[in-house]
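In short: position in the sequence shown from 1, add 3, done, that's the numbering used here.
From the three backbone atoms N, C-alpha and C, an ideal C-beta is built for every residue, glycine too.
Have a look at the structure below, then the notes.
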Amino acid sequence: MSQTVVITGAAGKVGRLLRHRLARPDRRLRLMDIVPPEPVAPGEDAEVFTGSVTDLPALESLVAGADAVIHLGGQSRESNMADVLENNAHGTYCLFEAVRRAGVPRVIFASSNHAAGFLDRVDAPADGFPADAAGRPDTLYGWSKVAGEAMASLYADRYGIDVLCPRIGMCMPEPIDVRSLALWLSQDDAIRMFEALLAVESPGFRHLWGISRNTRRFMSLAEGEALGYIAKDDSEAYADGVIQGKPTPDYEHDLVLRRIGGQWCDVPLGEYY
Ligand SMILES: NC(=O)c1ccc[n+]([C@@H]2O[C@H](COP(=O)([O-])OP(=O)(O)OC[C@H]3O[C@@H](n4cnc5c(N)ncnc54)[C@H](O)[C@@H]3O)[C@@H](O)[C@H]2O)c1
């Protein structure tokens, strides 16, 4: 039977990757963004919608009959409180309320490493920080992800909706700096992760870290593995190139490398970063 998956924020970086790589003969994608997504290509089993995640009636019809929603839409950087409240906090409420009204059984909420940005490598257990470590947001953006996770928990407990909250590290083709050697989520692993989260049976409400099998990670992969996400890629393959010409990474003293949120922990609150 064909599966229908809604993706909010489908015109963004992760959304475009998922549009391309989650396409399957037995899957229809409903793609929405406040920026018009690319038109449907010939042979593509998809529909595109332009709208805001803050428009509850529009969301309700968007998600009607869907098997799952992947919620990416919103502000993905630090910003002012009005922007963060409207697009992330209010938008995430509207998404869950639309999902409840329409009876959609599953949501994958794109949380972030910045929900726990102040966790410090020096305090990490041997297996890395657990994925459900209490929120330690580093920005207003990070706070909105903690708030989104709490909204997810509310709707999971009240209404029995399955909600997976990947705290995504840095999803990009290759690691770009020393910090990202710990947080990298390769594009192939991102697809493995989202496929696992769409497939796992009756997970309830769960957190996981959205990172690859990076040698320099200090976050646990166990919660993802329990959900069927088996990361395969390791940023170490890029380490020499990333570090070349730079001082030897100082994981004991350099707070950018020690804290999960890196330099975001020092950005003035509410300033676009
Ligand atoms: N890319 C990463 O490494 C990473 C890391 C951590 C978390 N995340 C989270 O994953 C999601 C996707 O990230 P991304 O890198 O693709 O970000 P992105 O900024 O490229 O994409 C976000 C999309 O959301 C859309 N959007 C903004 N406000 C909206 C609204 N009101 N209604 C509908 N759409 C709206 C934007 O137009 C954009 O296309 C975000 O929620 C982000 O916070 C991403």
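Which partner residues does residue i have in the DSSP bridge list?
| i | result |
| --- | --- |
| M222 | F132 |
| A193 | Answer is none; A193 lacks a bridge partner. |
| R30 | Q6 |
| D36 | T53 |
| T11 | M35 and H74 |
Run through DSSP, which three-state label would residue i get?
| i | result |
| --- | --- |
| V203 | coil |
| S3 | Because residue 3 is not part of the residues shown, which for the chain are 4 to 276, the question remains open. |
| S215 | coil |
| E89 | helix |
| A281 | Because residue 281 is not part of the residues shown, which for the chain are 4 to 276, the question remains open. |
| F112 | strand |
| V51 | strand |
| R209 | strand |
| T95 | helix |
| V72 | strand |
| R262 | strand |
| V126 | The sequence shown places Asp at residue 126, not Val. D126 falls in the helix class under three-state DSSP. |
| G145 | helix |
| V66 | helix |
| D253 | coil |
Between the Cα of residue i and those of the options, spot the shortest distance and give me the residue it belongs to.
| i | options | result |
| --- | --- | --- |
| E281 | A67, V87 and A155 | Outside the shown range of the chain, which is 4 to 276, sits residue 281, and nothing can be said about it. |
| Y276 | L122, H210, L143 and E255 | L143 |
| E239 | A119, S223, V125 and S215 | S215 |
| L75 | A153, L62, W267 and I10 | I10 |
| G265 | R124, G131 and Q247 | R124 |
| F132 | A225, V17 and I37 | A225 |
| L34 | G54, V110 and R27 | G54 |
| V8 | V259, L260, L230 and L200 | L200 |
| I194 | G18, D29 and A14 | G18 |
| A229 | A202, A69 and R24 | A202 |
Nearest chain C C-beta to residue i closer than 8 angstroms, yes or no?
| i | result |
| --- | --- |
| L211 | In the displayed structure, chain C is absent; only one protein chain is listed. |
_Any 3 or more C-beta pairs closer than 8 angstroms across the region 122-139 and the region 93-109_ = no
_To test your reading of the DSSP string, which unbroken beta strand (DSSP E) runs of 3 or more residues are found completely within the region 158-187?_
165-171
*Determine, using beta-carbon pairs with one atom in the region 53-65 and one in the region 158-172, whether at least three such pairs fall under 8 angstroms.*
no
*asked:* Does the contact criterion of 3 or more C-beta pairs under 8 angstroms hold for the region 94-114 versus the region 140-154?
replied: yes
*asked:* Does the region 239-257 come into contact with the region 171-181, if we say contact requires no fewer than three beta-carbon pairs (one atom in each stretch) closer than 8 angstroms?
replied: yes
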